[in-house]
Amino acid sequence: MIVKTPPMGWNSWNTFGGNINEELIKTTADTMADSGLLDAGYEYLVIDDCWALRERDENGRMVPDPAKFPNGMKAVADYVHSKGLKFGMYSCSGVLTCAGYPGSFDHEYIDADTFASWGVDFLKYDYCFRPSLSPGHLLYKKMGNALANCGRDILFSACSWGGHETHKWIKSTGAHMWRSTGDIVDSWASIRDITRHQLEIWDYNGQGCFNDMDMLVVGMNGKGNVGVTGCTYEEYKSHFSIWAFLNSPLMIGCDIRNMSDETKSILTNRDIIAINQDPAARQPYVIEPDAWHADSVLVLAKPLEGGDMAIGFFNLSDNDIGPWFALDSIGLGSATGKALEATELWTGEKVIKKDVFHIPRMAPHTCLVYRAKTIDA
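Each residue of the sequence shown is one higher than the last, beginning at 757 in this note's numbering.
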């Protein structure tokens, strides 16, 4: 299978950790289908770690914990599919998962066959407890080949945290998305640090194998498994916008069954999602790199299919800023006779800019994201 746009969905880990069960998954599937999330593009429902028994069965297969999933995983997958969704699960390249359950090391083919028989559409594959003499690239190649030969299309989500220079070898494994950093937590500091790290590696992102900046924390509000300080509404908007702009998969991490209207308004902003899901899937570039720095403000441009351009201003700092760039930096100097007609995708405000695109003031941790088209000046 070839993945042409960043995958979108929901994952259980950020909020629930090991506290997962069949009823949670079914009610979450109901909510994804009924709340507008599926219509907005969120199609994968993924169960993370802690779903299995601590031991394999006599045939060497992993077994769902009957206390958590009394009807087995095939029944859960069938329910998820009945809602128009795709079903995802978790395993690990080591001998154990990160929470100490059976990993897939030396069981790649039997596990891929098991997942296919259950109707799995997505596999998140972690990096804990790997044998020290087994190189990471080989572990992911083994599972990538097992999935490619299991008889079912299963999206391969590699979660090696960017370790051992993942960016240099991950596309050779058959992975469709790959984690570039350690785990996110629900704080602005975590969002900022993950964003800064992308500048070094975004050249490796693109169609077929997308750079995964980890699950979204939008709407967690300091609660749940990775809840720390929580974030403000504006910080969550910036978080979502950055992930979308940088072509990261958009995997929701909050408890969507009781999400607020504010949370839903962020997660279902179709104009921001369209930037993420643009069929060209081009990577952005920094505008005026000598004027702005990633430790304070990012000013980014991204060409879109059909000639439009996405332009993002992201204030990562703790201070007010007034960012700007010359339109010549995106190929629209005064000699071209062209200007930009731009619409801000959170407010709907329209502006026309010629020669210079200037923002008088941006508060700390905020963003402005524009979809712009070239017009005659």
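Cβ coordinates follow ideal geometry from the N, Cα and C atoms, glycine included.
Per-residue DSSP class, three states only, for residue i
i: ARG1026; result: helix
i: GLU1105; result: coil
i: ILE910; result: coil
i: HIS932; result: coil
i: ALA1036; result: coil
i: ILE1141; result: No answer is possible for residue 1141: the residues shown for the chain start at 757 and end at 1133.
i: PHE861; result: coil
i: THR1099; result: strand
i: HIS1114; result: strand
i: ASP942; result: strand
i: ALA855; result: coil
i: PHE1081; result: strand
i: ALA1050; result: coil
i: PHE843; result: strand
i: LYS1058; result: strand
i: LEU1006; result: strand
i: LEU801; result: strand
i: LYS824; result: coil
i: VAL974; result: coil
i: LYS1136; result: Outside the displayed span of the chain (757 to 1133) sits residue 1136, for which this structure offers no information.
i: VAL1042; result: strand
For residue i, the first and last residue of its enclosing alpha helix (DSSP H)
i: THR922; result: 922-925
i: ILE998; result: 989-1001
i: PHE966; result: Not the alpha helix (DSSP H): PHE966 falls in the beta strand (DSSP E), residues 966-968.
i: MET1015; result: It is not in any alpha helix (DSSP H) - MET1015 carries neither H nor E in the DSSP assignment.
i: GLU814; result: Element bounds for GLU814: n/a, residue is neither H nor E.
i: ALA1119; result: Looking at the DSSP string, ALA1119 is not in any alpha helix (DSSP H), and its letter there is neither H nor E.
i: THR787; result: 778-790
i: ALA796; result: 793-796
Start-to-end residues for the beta strand (DSSP E) that takes in residue i
i: ARG1127; result: 1123-1132
i: GLY900; result: Note, GLY900: premise wrong, no beta strand (DSSP E); alpha helix (DSSP H) at 892-904.
i: ASP882; result: 878-882
i: MET757; result: Where MET757 is concerned, there is no enclosing beta strand (DSSP E), given that its DSSP letter is neither H nor E.
i: MET764; result: 764-767
Same chain only: Cβ atoms within 7 angstroms of residue i, ignoring 5 sequence neighbours per side
i: CYS854; result: ASP805, CYS848, ASP882 and CYS884
i: ALA785; result: LEU801, TYR835, VAL836, LYS839 and LEU841
i: GLY816; result: HIS863 and ILE866
i: GLY1089; result: LEU1083
Whole-angstrom distance between residue j and residue i, CA atom to CA atom
i: LEU955; j: MET969; result: 12 angstroms
i: THR783; j: ARG1013; result: 7 angstroms
i: TYR865; j: ASP939; result: 27 angstroms
i: ILE1067; j: VAL1125; result: 6 angstroms
i: ILE727; j: HIS1049; result: The chain is shown only over 757 to 1133; residue 727 falls outside these bounds and no answer can be derived.
i: THR937; j: ALA1091; result: 43 angstroms
i: ILE1028; j: PRO1005; result: 13 angstroms
i: GLY1063; j: HIS893; result: 38 angstroms
i: LEU1056; j: VAL973; result: 23 angstroms
i: SER994; j: GLY964; result: 26 angstroms
i: LEU1072; j: THR1103; result: 20 angstroms
i: LEU793; j: LEU889; result: 43 angstroms
i: SER943; j: GLY797; result: 25 angstroms
i: GLY918; j: ASN967; result: 10 angstroms
i: LYS880; j: ALA831; result: 20 angstroms
i: MET829; j: TRP874; result: 6 angstroms
i: ILE758; j: PHE871; result: 19 angstroms
i: TRP958; j: THR1122; result: 22 angstroms
i: PRO1116; j: ILE1077; result: 8 angstroms
i: PRO1035; j: LEU1060; result: 8 angstroms
i: ILE1043; j: GLY907; result: 45 angstroms
i: ARG1127; j: PRO1045; result: 21 angstroms
i: VAL819; j: PHE843; result: 17 angstroms
Cβ neighbours of residue i in the same chain (closer than 6 angstroms, five flanking residues each side left out)
i: HIS1114; result: TRP1080
i: VAL851; result: GLY859, PHE861 and PHE885
i: MET1015; result: GLY975
i: THR929; result: TYR896, LYS897 and GLY900
Minimum C-alpha distance to residue i - residue among the options
i: GLY774; options: ALA796, GLY980, ASP834 and LYS830; result: GLY980
i: HIS863; options: VAL982, ASN901, TRP874 and LEU889; result: ASN901
i: ALA1095; options: LEU1101, SER888, LYS1110 and TRP1102; result: LYS1110
i: MET976; options: ASN967, TYR989 and LEU895; result: TYR989
i: HIS953; options: PHE871, HIS923 and GLY930; result: HIS923
i: LEU1023; options: PRO826, ASP821 and MET788; result: MET788
i: ALA808; options: GLY856, THR951 and SER1052; result: GLY856
i: LYS824; options: GLU779, TYR846 and PHE871; result: GLU779
i: ALA1019; options: TRP925, VAL941, CYS987 and PHE1001; result: Contrary to the premise, residue 1019 reads as Thr rather than Ala in this sequence. The option with the nearest alpha carbon to THR1019 is CYS987.
i: CYS1010; options: GLU921, ASN767 and VAL1053; result: ASN767
i: MET971; options: GLU1044, GLU1097, PRO1045 and ALA1000; result: ALA1000
i: TRP769; options: LEU1002, ASN777 and PHE1070; result: ASN777
i: VAL724; options: THR951, GLY983, VAL982 and ALA1133; result: With the chain covering only 757 through 1133, there is no way to say anything about residue 724.
i: CYS915; options: GLY1087, ASN1025 and ARG935; result: ARG935
i: ARG948; options: PRO887, PHE996 and MET1007; result: PHE996
i: PHE772; options: ASP1132, GLY978, ARG1026 and TYR992; result: GLY978
Cutoff 8 angstroms; reference residue i; Cβ partners in own chain excluding five residues on either side
i: GLU1105; result: THR1099
i: ILE1031; result: ALA1000, PHE1001, LYS1058, LEU1060, ALA1066, LEU1101, VAL1125 and ARG1127
Heavy atom of the ligand ATP within 7 angstroms of residue i beta-carbon
i: GLY900; result: With respect to the ligand ATP, the structure offers nothing, as it holds no ligand at all.
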